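K.L.:
Just so you know, the sequence shown maps onto residues 18 to 460 in this note's numbering.
Even glycine gets a Cβ: it sits at the ideal position worked out from N, Cα and C.
Small disclaimer: the values here were computed from a predicted structure and weren't measured.
One structure follows; several queries about it will come next.
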Amino acid sequence: MLAGVPSQADVVVVGAGATGAACAAFLAEAGLQVVCVERRALAQAGARWVNGVPRAAFQQAGVALPEPPEHRGGPSPFHLVLPRELVCARGPAATIMEHDVIHVDMRHLVARLQARAAKAGVRFLPEVAVHGWAQGQAETSLATDAGELRARIFVDASGLTGARLLEQPAVARADLCAAAQAVHELADRAAAQAFLAEVGGRPGESVGFVGVAGGFSVLNVYVDHELETVSILTGSIPALGHPSGKAMLERFVREHAWVGPPCFGGSAAIPLRRPYERLTSERVALLGDAGCQVFSAHGSGVGAGLIAARALADTLARGGTLRQWEVAWQREHGALLGAFDALRRFTQQLDGASVARLFASGLMEPELMKAGLNQEQPQLTLRALRTQVPALWRALRDEPALATAMLSAAARSRMVAALYAQYPEEPRQVPAWSRAVDWLLRG
Ligand SMILES: Cc1cc2nc3c(=O)[nH]c(=O)nc-3n(C[C@H](O)[C@H](O)[C@H](O)COP(=O)(O)OP(=O)(O)OC[C@H]3O[C@@H](n4cnc5c(N)ncnc54)[C@H](O)[C@@H]3O)c2cc1C
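Structural data, given as structure tokens:
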């Protein structure tokens, strides 16, 4: 047993990134004895770059909204721009004027959540890696660099390449987004402004180049209001033959002399597949990227992880079981993530030219895109229908194959959500339920 660590904690959380640190904090605040193991130094744990996170996720999770320097801007207009070779006229293909997403410096958010956890009494074990279960002690004692660790419950928040405490299957390569994000100084403010003006943006607004490396790809550029830094986010699916997010980012920097020296950032893979159909056993829960609790349409896991952590801690605090958390979470939040996975699978089959035709068809309606950005189901309001129905009609006439494929994906997305709302209470029924979801997702 490790020195200074309770012989048996209520909960051991593996991973002190955003999800693990938040979960540890919420559990300790509810009065549980919590140990959090992290293989890196605490100051190096979790995401070390800038992420876009909807403010609503903080509110739902009970985490105060970020303040500067953690908050690096937004919400602000988000322009979607097609690559130059695909369009004759420059300027945004669409602009989402109002949405809920802010730019968050994850280094500060992770540190804030860790500090909150420490204040609530969480015992952190930094630079200690978990290697799996101790010999013959599955689900009771963990083997770590520093000895065995016992607990009543284990939360695996160790990310995509972590401890795999439920021996969850590896994520298929076609379901992995290779993402990169970096903040750079500006070497030439006037040139940066000219670049933005050419594509219809301004400092303090986001410009997202879509279809640059296949239908599921992004290259977002955000020059701050004060013209001090530029934040670049890229992502793609290399398994489909596209350059990685890191390669895209490096190329963008090379080709734009106004981008100055790097300040910070990083790159890693994001799981895009729907959440695992089983997130728990009797004593183990998968949380965050470890459970594929990611909004797959744009590979966003921070908000989903915080919300899942809150729900898990609340369930345990009121004496509920891991399985109760799992059923409730899959029915409500799994439904949203699963539904958007159907749309992600549709977009990743497209090439840049199809993305351009999709925008030209009018099918990419701003209200729909806003819902996607905010990570919420689009509402079928009368106002939206007034623009969507004629656009759909035109698209079916001008782009029948594309419009039919999109309609089919939208219908499957709704059916997946409906199926998730029926996530079985009875574990034995989960495999059949899961096969039905996969059948719908395959289309
Ligand atoms: C470049 C990039 C850009 C992104 N942009 C966005 C975005 O804009 N919006 C958004 O919401 N999401 C974004 N994401 C995804 C987001 O960063 C992740 O979903 C989120 O960080 C997942 O948090 P997590 O705590 O679940 O896992 P992680 O951040 O991976 O944390 C897991 C922790 O567990 C530790 N660990 C791993 N294995 C072990 C072990 N065996 N023993 C002990 N500790 C272990 C790790 O060291 C790590 O600190 C982006 C990802 C990347 C790579």
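1. Terminal residues of the continuous beta strand (DSSP E) containing Gln-366?
2. Relative to the alpha-carbon of Ser-248, which residue among Leu-59, Phe-281 and Leu-424 has its alpha-carbon at the smallest distance?
3. Beta-carbon within less than 7 Å of Leu-126's beta-carbon, same chain only, minus the 5 sequence neighbours each way: which residues are those?
4. For the 8 Å Cβ check, are there 3 or more pairs between the stretch 322-341 and the stretch 216-232?
5. Taking 7 Å as the limit between beta carbons, can you name the residues of its chain near Ala-314, skipping five residues before and five after?
6. Pick helix, strand or coil for Tyr-437, following the three-state DSSP scheme.
7. Taking just the CA atoms, how far does Pro-278 sit from Ala-208?
8. Output yes or no for whether 7 Å exceeds the beta carbon distance between Leu-250 and Gln-210.
9. For the beta strand (DSSP E) containing Arg-167, list its first residue and its last residue.
10. Should Trp-66 be listed as close to ligand 1, given that the test is whether its C-beta is under 6 Å from any heavy atom?
11. Just grab the DSSP bridge partners of Asp-415 for me.
12. Between Ile-369 and ligand 1, is there a pair consisting of the residue's CB and a ligand heavy atom that are separated by less than 6 Å?
13. Any chance the stretch 172-192 sits against the stretch 67-79, with 3 or more Cβ pairs inside 8 Å?
14. Just to confirm, is the Cβ distance from Gly-252 to Ala-321 under 7 Å?
15. Evaluate the contact criterion for the stretch 57-69 versus the stretch 162-172: three or more CB pairs, one atom per stretch, below 8 Å.
16. Is any heavy atom in ligand 3 found nearer than 6 Å to the beta carbon of Asp-306?
17. For Ala-135, tell me which candidate among Ala-408, Ala-33, Val-147 and Phe-376 has the shortest Cα-Cα distance.
18. How would you label Met-265, buried or exposed, when you count the other beta carbons within 10 angstroms and need 16 or more for buried?
19. Decide if Leu-397 is buried, meaning its Cβ has at least 16 other Cβ atoms within 10 Å, or exposed.
20. How about the stretch 229-244 and the stretch 290-297: do they share at least three Cβ pairs that are nearer than 8 Å?
21. Can you name the residues that DSSP bridges to Thr-112?
22. If you drop the 5 nearest sequence neighbours on each side, which residues of the same chain put their C-beta closer than 8 Å to that of Arg-429?
23. For Trp-275, which three-state DSSP category applies?
24. Between Gly-283, Cys-309, Val-22 and Ala-286, which lies nearest to Glu-294 when the distance is taken from Cα to Cα?
25. Within the same chain, show all residues whose beta-carbon is closer than 6 Å to that of Gln-405, passing over the 5 residues directly before and after it, in chain order.
26. Starting from the C-beta of Asn-68, find all residues in its chain whose C-beta is less than 6 Å away, skip the five residues before and the five after it, and write them out in chain order.
27. If I follow the unbroken alpha helix (DSSP H) through Cys-40, where does it start and stop?
28. When you compare only the Cα positions, how much space is there between Pro-177 and Val-311?
29. Could you have a look at Glu-144 and say whether DSSP puts it in helix, strand or coil?
30. Please confirm if the stretch 93-103 is in contact with the stretch 369-377, defined as three or more CB-CB distances below 8 Å between the two stretches.
31. Whole angstroms are fine: how far does the CA of Arg-340 sit from the CA of Ala-434?
32. So, are the CB atoms of Val-515 and Cys-53 less than 7 Å apart?
33. Under a three-way DSSP split, which group does Ala-286 fall into?
34. Give the straight-line distance between the Cα atoms of Ala-42 and Gly-379, rounded to the nearest whole angstrom.
35. Taking the alpha-carbon positions, what's the Glu-215 to Pro-94 distance?
36. If the criterion is Cβ atoms closer than 7 Å, does the pair Arg-206 and Leu-236 meet it?
P.N.:
Once the coordinates are examined:
1. What you label residue 366 is simply residue 349 of the sequence shown in a count that begins at 1. It is not in any beta strand (DSSP E) - Gln-366 carries neither H nor E in the DSSP assignment.
2. Stepping through the sequence shown from its first residue, residue 248 is reached at position 231. Cα-wise, what sits closest to Ser-248 is Phe-281.
3. As a position in the sequence shown, residue 126 is number 109, starting the count at 1. Result list for Leu-126: Ala-35, Pro-83 and Glu-87, in chain order.
4. no
5. Residue mapping note: residue 314 aligns to position 297 of the sequence shown, counting from 1. Excluding positions up to five away in sequence, the list reads Phe-357, Leu-360, Arg-361 and Gly-389.
6. Taking the sequence shown and counting its residues from 1, one reaches residue 437 at position 420. Looking at Tyr-437 - three-state DSSP - the assignment turns out to be helix.
7. Taking the sequence shown and counting its residues from 1, one reaches residue 208 at position 191. Taking the sequence shown and counting its residues from 1, one reaches residue 278 at position 261. So the two alpha carbons sit approximately 15 Å from each other.
8. By 1-based counting over the sequence shown, the position of residue 250 is 233. By 1-based counting over the sequence shown, the position of residue 210 is 193. No. Outside cutoff.
9. Numbered from its first residue, the sequence shown carries residue 167 at position 150. Looking at the DSSP string, the run of the beta strand (DSSP E) that includes Arg-167 is 164-173.
10. Sequence index remark: in the sequence shown, residue 66 carries index 49 (1-based). Yes, Cβ of Trp-66 sits closer than 6 Å to a heavy atom of ligand 1.
11. By one-based count along the sequence shown, residue 415 stands at place 398. Answer by DSSP bridge pairing: none, since Asp-415 is not bridged.
12. Reading the sequence shown from its first residue, position 352 is the one you call residue 369. Checking the sequence, you will find Gly at residue 369 rather than Ile. Checking every heavy atom of ligand 1 against the Cβ of Gly-369, none is found closer than 6 Å.
13. no
14. For this step, residue 252 is matched to residue 235 along the sequence shown. For this step, residue 321 is matched to residue 304 along the sequence shown. Result no, Cβ atoms of Gly-252 and Ala-321 do not sit closer than 7 Å.
15. no
16. Questions concerning ligand 3 fall outside what the structure shown contains, since the ligands it does hold are ligand 1.
17. If you number the sequence shown from 1, residue 135 lands on position 118. Considering only alpha carbons, the answer is Ala-33.
18. Numbered from 1 along the sequence shown, position 248 holds the residue referred to as residue 265. So Met-265 ends up on the buried side.
19. What you label residue 397 is simply residue 380 of the sequence shown in a count that begins at 1. Exposed: under 16 other Cβ atoms inside 10 Å.
20. no
21. Counting from one through the sequence shown, the residue named residue 112 turns up at place 95. His-96, per the DSSP bridge assignment.
22. Translated into positions along the sequence shown, residue 429 becomes position 412. Same-chain partners within the cutoff: Ala-359, Leu-457, Leu-458 and Gly-460.
23. Working through the sequence shown from its first residue, we reach residue 275 at position 258. Trp-275 falls in the coil class under three-state DSSP.
24. Counted from its first residue, the sequence shown places residue 294 at position 277. Measuring from the Cα of Glu-294, the nearest candidate turns out to be Cys-309.
25. Position 388 of the sequence shown, counted from the first residue, corresponds to residue 405. So the qualifying residues of the chain are Glu-382.
26. Locating residue 68 in the sequence shown gives position 51, counting from the first residue. Hits under 6 Å: Val-121, Met-123 and Val-319.
27. Start at 1 with the first residue of the sequence shown, and residue 40 comes out as number 23. Start and end: 35-46.
28. If you number the sequence shown from 1, residue 177 lands on position 160. If you number the sequence shown from 1, residue 311 lands on position 294. For clarity, residue 177 is Leu in the given sequence; the question names Pro instead. Leu-177 and Val-311: Cα-Cα distance of roughly 11 Å.
29. Looking up residue 144 in the sequence shown gives position 127. In the structure shown, Glu-144 sits in coil (DSSP, three-state: anything other than H, G, I, E or B).
30. yes
31. Reading the sequence shown from its first residue, position 417 is the one you call residue 434. Reading the sequence shown from its first residue, position 323 is the one you call residue 340. If you take the alpha carbons of Ala-434 and Arg-340, they lie about 20 Å apart.
32. No answer is possible for residue 515: it lies beyond the span of the chain, which begins at 18 and ends at 460.
33. Here residue 286 refers to the residue found at position 269 of the sequence shown. Correct three-state label for Ala-286: strand.
34. As a working note, residue 42 is residue 25 in the sequence shown. As a working note, residue 379 is residue 362 in the sequence shown. For Ala-42 and Gly-379, the distance between alpha carbons rounds to 45 Å.
35. For this step, residue 215 is matched to residue 198 along the sequence shown. For this step, residue 94 is matched to residue 77 along the sequence shown. Using only the alpha carbons, I get a separation of about 16 Å.
36. Taking the sequence shown and counting its residues from 1, the one referred to as residue 206 is at position 189. Taking the sequence shown and counting its residues from 1, the one referred to as residue 236 is at position 219. It is not a contact, given that the beta carbons lie outside the stated cut-off.
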